[in-house]
Amino acid sequence: MQPESATLGDYIDIFRRRKVPMLSVTTVLSLVAMIVAVSLPSVYRSTATIKIEQQGIPDDIVRTTVNNYADTQIENIKQRVVTSGHLAKIVTELDLADQLGQPASIDVLAGEMIESVFVEPVGAEVVDPRTGKPRVATIAFNVSYESERPRVAKKIANALADLFLSENAASRTAMAADTASFITEQAEKWRQEIADMEARIATFKSDNAGRLPELSDLNLRLMESTERDLRENQERIRSLQQQRIYLEAERAQVKPYATSLGSDGKPILSPAERLDILRNEYSSKLAIYSSEHPDVVKLRKEIASLASQSTTATGDRVAIETELASARADLDAARQRYSAEHPDVRKLTRKVDGLESNLKGIATAVPGPQQPMRRPDNPAYIGLQARLEAATTDLRTLVATEAQLRAKLSEYETRLTATPQVERQYQALQREHEAAVNEYNKIKGKQREAELAEQLEIRNKGERYSLISAASLPDTPYKPQRRLIVLFGIIAAFTGGIGTAVLAEALDRTVRGAKTLVATINAPLLGVIPYIENSSDRSARRRRRIVTAVAVALCLTCAGVIVQTQVSPLQQV
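Counting from 480, one number per residue, gives the positions in the sequence shown under my numbering.
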């Protein structure tokens, strides 16, 4: 039969011819679906609902340090609660091992129970206070447990809910305490850093004492004062030098020894004076007599005798030693003011060396034992000598003072020169110190906030979980969905029956009906003789109807019993 020529009547004829296999397949598949729906064990789900309570104290007063994302917090707690250890403890405390079926060990049973725990957030549409737009927020979550025994499901669900409540409080308190401890450690590190930096600043100040920027004005004033003192000291040095020159000139005109008188009242001449008189007389005699004249020879011998005496050498030594002491004083003063290459220093050095050589020459010129040096006894000479020595002493003091003042002036100049570099380093240290102090103050503020947040969690004033609906005893199975199984099974059974009929018809090559015959031989028919039913055919048809009716009645009765007892029971104990 060609599909394009088939009519509704043809399809009805097909179903009539194939009703036995079609009904057989439909009945068998329906029974299989019902048996499957009945044979699957009933699984009950008990659910506890936990509400997420917001922080009791406003955030602008005390801000919590615990993560406030509800979904993240729920998932973190789930990872800590839904573990083999906790479930094994629940099984042991509630004595549920026998009811759950005794496996190899409690740990194995607890591992299998993890797959029966479900945590589902409950969302609600709220207005975001920051954006003013509606959004879905998690305000609660359900903790469920599935078991073939409803009472077991209820007990475990309630135990898990209690664990969620206690674990949330403990975890939030621990997180707040850890945060406070961490910030406290950071604050202590910054405090130690500040102490070390202050020690470095103190060491820097000690190493650069007098060169710090805040002492610049003081150093400048001290340098100006030192310059004034130096100028005054130099004026006094010049005055003393002039005074020494004057005293040396005065002393040169005064004899060191006083004139003594003899018994005849005449002055007793010193060897030097007698030598001068003899030399003058010798010159006069030479002008009158020849060099061999007895008087001239006598005078020459006397002059030689006096010249060889130590008295004259002693007088020269006194003068040279006095001049040498003065020259040495001048040299010391010049060395303190100038360098060794200065012309004045070199000139005075040569003078001192010459006087020392003269003094040594006098010592070696006089033969025999040295005569004790005669001390000057002329009061005028002694006075001038004392004034000269006092001036020399004052000059040495002033020269030493000048050296000290120059050293101080050089120190102040060095300080002022080094101050800019010291100031840069000092300011860098100060900036580091200020930055460390600012960070420390920030950390201390965060530390106080963390400590308040810790107290907030300890006193259970922060975000917390509250049980708003404890797990109840389920009265109907959560799964399997037997009605759906039966419904889809019946639909599949009818589909299978129709498919069986269509497949059987497609595989059957029998020619049925005049239309099929005409289409097959492509020739007109002369006539059609219909099938003539006899009494045997009618009896067989009647028996088939009775059997079919009984089978359908039995199927409907079984389906009703199954639906009543398994799919939709009137009462579940």
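Just so it is clear, CB atoms sit at the ideal spot from N, CA and C, and this is done for glycine as well.
Computed from a predicted model, the values in this text were never measured in an experiment.
Its Cα nearest to that of Ser-595, the residue Glu-625 stands out among Val-570, Glu-625, Leu-726. The Cβ neighbour count for Gly-978, taken over all protein chains shown within 10 Å, is under 16; the residue is labelled exposed. DSSP assignment within the region 591–643 yields the following whole beta strand (DSSP E) runs of 3 residues or more, N-terminal first: 596–606, 613–626. Judged by DSSP in its simplified three-state form, Ile-553 adopts helix. In this structure, DSSP gives Lys-568 a helical state, which the three-state scheme calls helix.
The bridge partners DSSP lists for Leu-908 come to none.
A straight line joining the alpha-carbon of Ala-638 with that of Leu-966 spans about 37 Å. In this chain, the alpha helix (DSSP H) harbouring Tyr-725 covers 695–731.
Ranking Val-561, Ile-529, Glu-933, Ile-662 by CA distance to the CA of Val-601 puts Ile-529 first. Beta-bridge partners assigned by DSSP to Lys-684: none are found.
Relative to the Cα of Ile-635, the nearest Cα in the group Lys-612, Gln-934, Val-561, Ala-653 belongs to Val-561. Measuring C-alpha to C-alpha distances from Tyr-905 to each of Leu-691, Ala-512, Asn-621 identifies Leu-691 as the nearest. C-alpha of Tyr-725 to C-alpha of Leu-895: approximately 42 Å in a straight line. Contact check for Val-522 against Tyr-944 fails: the beta carbons are separated by 7 Å or more. Assignment of Thr-526 by DSSP, reduced to helix, strand and coil, places it in the strand class. Contact annotation, Thr-505 with Gly-975: C-beta distance approximately 7 Å; criterion of less than 8 Å satisfied.
The region 864–877 makes contact with the region 711–725, as at least three CB pairs between them are under 8 Å. Ranked by Cα distance from Glu-881, the first of Ser-1018, Arg-910, Pro-1003, Arg-707 is Arg-707. The criterion of a C-beta distance shorter than 7 Å is satisfied by Val-631 and Leu-575. For Arg-559, the CB contacts under 8 Å within the same chain, skipping 5 residues up- and downstream, are Glu-646, Ser-650 in chain order. With respect to the C-alpha of Ile-618, the residue from Ile-553, Glu-572, Thr-486, Lys-684 having the closest C-alpha is Ile-553. The region 856–864 makes no contact with the region 678–686: fewer than 3 CB pairs, one atom from each, lie closer than 8 Å. A check of alpha carbon separations from Val-606 across Asn-712, Ala-616, Ala-972 identifies Ala-616 as the nearest. Take Ser-948, set aside five residues on each side of it, and the residues of its chain with a beta-carbon closer than 6 Å to its own are Thr-528, in chain order.
Around the C-beta of Glu-1012, fewer than 16 other C-beta atoms lie within 10 Å, and the residue is accordingly described as exposed. Boundaries of the beta strand (DSSP E) harbouring Arg-943: 943–948, taken from the DSSP string. A direct Cα-Cα distance of roughly 40 Å separates Pro-953 from Ala-1028. Close CB contacts of Pro-735 within its chain, under the 7 Å cut and outside five residues either way in sequence, are with Val-797, Pro-855, Asn-857, Tyr-860 (chain order). Non-local beta-carbon contacts of Pro-613 in its own chain, meaning distances under 6 Å to residues more than five positions away in sequence, involve Glu-604, Val-606 in chain order. Per DSSP, the beta-bridge partners of Lys-958 are Val-522. For Glu-918, the secondary structure class from DSSP, reduced to helix, strand or coil, is helix. In this structure, the alpha-carbon of Val-517 lies about 56 Å from that of Ala-932. For Glu-532, the secondary structure class from DSSP, reduced to helix, strand or coil, is strand.
The beta-carbon separation of Ala-655 and Glu-936, rounded to 4 Å, stays under the 8 Å limit for a contact. Distance from Val-831 to Ala-806 at the Cβ level is roughly 5 Å; contact confirmed, criterion being Cβ atoms closer than 8 Å.
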